[in-house]
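Student:
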Amino acid sequence: MSKTSSGAQAYQQQEQGYRDKSLKLYPWVCGRCAREFVHSNLRELTVHHIDHNHSNNPSDGSNWELLCIYCHDNEHNKFHEFVLYGGTTEQKVAAATHNPFADLKAMLNKSK
3 MSKTSSGAQA YQQQEQGYRD KSLKLYPWVC GRCAREFVHS NLRELTVHHI
53 DHNHSNNPSD GSNWELLCIY CHDNEHNKFH EFVLYGGTTE QKVAAATHNP
103 FADLKAMLNK SK
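If you read the sequence shown in our numbering, its first letter stands for residue 3, the second for the next number, and so on.
Written as structure tokens, this is what we have:
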């Protein structure tokens with residue numbers, strides 16, 4: 003067996019281990035879209051690492067969340083875009099100080 007295939011096999015065993023644990027810990031519901039799963043479609047429910055570190059697998063499941071394949075792809079795309087383009091912090095906008103109706107009563111009385 004080559005070094006590459008043994009590494010892939012080890013990763014699959016690790017993945018199956020934390021997948022089995024997470025499916026026992028959490029209800030079979032996507033953490034984003036709330037889609038529910040049963041045995042027949044359970045293969046579409048994935049384990050997402052919250053910190054994106056696949057080696058961080060605490061036994062209490064604190065770094066895992068169950069996501070359907072669609073939400074999981076979306077989550078990884080968001081992370082990829084964050085890495086490429088940086089943060090998405092919004093710039094603070096100063097509060098508006100203009101009051102267009104400040105002299106409305108005076109303007110209405112002026113026409114009389």
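We put the beta carbon where it would ideally sit given N, CA and C, even for glycine.
1. Just how far apart, CA to CA, sit GLU46 and CYS70?
2. Skipping 5 residues on each side, what residues in its chain have a beta carbon closer than 6 Å to that of PHE39?
3. Count the other C-beta atoms from every protein chain shown that fall within 10 angstroms of the C-beta of GLY88, then say buried if there are 16 or more, exposed otherwise.
4. Tell me the residue span of the beta strand (DSSP E) that contains LEU47.
5. Once you ignore the five residues that flank TRP66 on each side, which residues in its own chain have a CB closer than 6 Å to its CB?
6. Residues bridged to TRP66 by DSSP?
Tutor: By the coordinates alone:
1. Here the question's residue 46 lines up with position 44 in the sequence shown. Here the question's residue 70 lines up with position 68 in the sequence shown. Computed Cα separation, rounded: 6 Å.
2. The sequence position of residue 39 within the sequence shown is 37, counting from 1. Apart from sequence neighbours up to five positions away, the residues of its chain that approach PHE39 with a beta-carbon distance below 6 Å are TRP30 and LEU47, ordered along the chain.
3. Position 86 of the sequence shown holds residue 88. It is exposed - the Cβ of GLY88 has fewer than 16 other Cβ atoms within 10 Å.
4. The residue given as residue 47 occupies position 45 in the sequence shown. Note, LEU47: beta strand (DSSP E), 47–51.
5. Your numbering for residue 66 matches position 64 in the sequence shown. SER24 and VAL49.
6. The residue you call residue 66 lines up with position 64 of the sequence shown. Paired residues: HIS51.
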